[in-house]
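Colleague: Got a structure here, written out as structure tokens. Questions coming.
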Amino acid sequence: MTLSKALMPSQSLPSRLFMVLGGSLFISIAAQISVPMLPVPMTLQTLAILLVGFTFGARMGVATLLAYLAEGAAGLPVFANFHNGLAFFGPTAGFLIGFVLMAWIAGYAADRGIKGFVGTAAVALLASAAIYVPGVVWAMSLAERAGLDTAQWGADNVSMIWQYYMAPFLIGDAVKAVIAALIVAGGWAAIKGRKA
């Protein structure tokens, strides 16, 4: 059972549509919030995606992310720094696709009963790591299409990926995983306390 089902056991179609739209709005607002950190600022976009996945479950989490991406593709400025569908043609487009995977992983864990802090934090870290797969693959393919011979990078290929696409974001990912776990575990504790 997910947090949303614990709070609203019977979810009608209108209530689910409201949840999807509300969740996509929540993500779009979080995408505009930047927290100063080193080596790069941290947006709260992926924190919001984790919370949507853990709260809504896999199906509703994926539906919410697909709605979010569709809003951006339609021209709404919902992505970080108020970007819209043009972001699908840039070097970070793979990460946008990875957001769907992130929501699914968090939602799948929630559907399977993950509620505690440690389990939720571990899943949040896994979901955060998963977005790097489509993100890096897209960036590499875009570089090749732009005429950069990535095969010539050889061993430096891995270090380049690490240096530019992963390392700067790992601290923020860990912080957001802990925050998501605290919020989700706290939500379940509040529900349990209310029933007691």
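For the sequence shown, position 113 (counting from the first letter as 1) is numbered 391 according to our numbering, and the numbering increases by one without interruption. Cβ coordinates follow ideal geometry from the N, Cα and C atoms, glycine included.
CB-CB under 6 angstroms to glycine 391, same chain, minus the five flanking residues each way: which ones, in chain order?
Modeller: Contacts found: none.
Colleague: How many Å lie between glycine 471 and threonine 333 at the Cα?
Modeller: Straight-line Cα distance between these residues: approximately 18 angstroms.
Colleague: How close, in whole Å, do the beta carbons of threonine 321 and alanine 358 come, if the pair is a contact with beta carbons under 8 angstroms?
Modeller: Confirmed, Cβ separation roughly 5 angstroms.
Colleague: Are threonine 342 and serine 406 closer than 8 angstroms when you measure CB to CB?
Modeller: No, these two residues do not count as a Cβ contact at 8 angstroms.
Colleague: Apart from the five residues just before and just after glycine 300, which ones in its own chain have a Cβ nearer than 7 angstroms to its Cβ?
Modeller: Excluding residues within five positions, none has a Cβ falling inside 7 angstroms.
Colleague: How would you call glycine 464, buried or exposed, if buried means at least 16 neighbouring beta carbons within 10 angstroms?
Modeller: Exposed: under 16 other Cβ atoms inside 10 Å.
Colleague: Quick one, are the C-beta atoms of alanine 408 and isoleucine 383 less than 8 angstroms apart?
Modeller: It is a contact, given that the beta carbons lie within the stated cut-off.
Colleague: Taking only runs that begin and end inside the segment 341 to 389, name each unbroken beta strand (DSSP E) of 3 or more residues, in chain order.
Modeller: Counting only runs of 3 or more, we get nothing.
Colleague: Excluding the 5 residues flanking phenylalanine 377 on each side, which residues of the same chain have their C-beta closer than 7 angstroms to its C-beta?
Modeller: Same-chain partners within the cutoff: Ile327, Leu343, Ile409.
Colleague: Take glycine 397 as the anchor and find which of Arg337, Arg294, Ile305, Val456 has the nearest alpha-carbon.
Modeller: With distances taken between Cα atoms, glycine 397 lies closest to Val456.
Colleague: List the DSSP bridge partners of valine 453.
Modeller: According to DSSP, which records beta bridges pairwise, valine 453 is partnered with nothing at all.
Colleague: With distances taken Cα to Cα, identify the nearest neighbour of leucine 329 among Val356, Val298, Ala351.
Modeller: For the residues Val356, Val298, Ala351, the minimum Cα distance to leucine 329 belongs to Val298.
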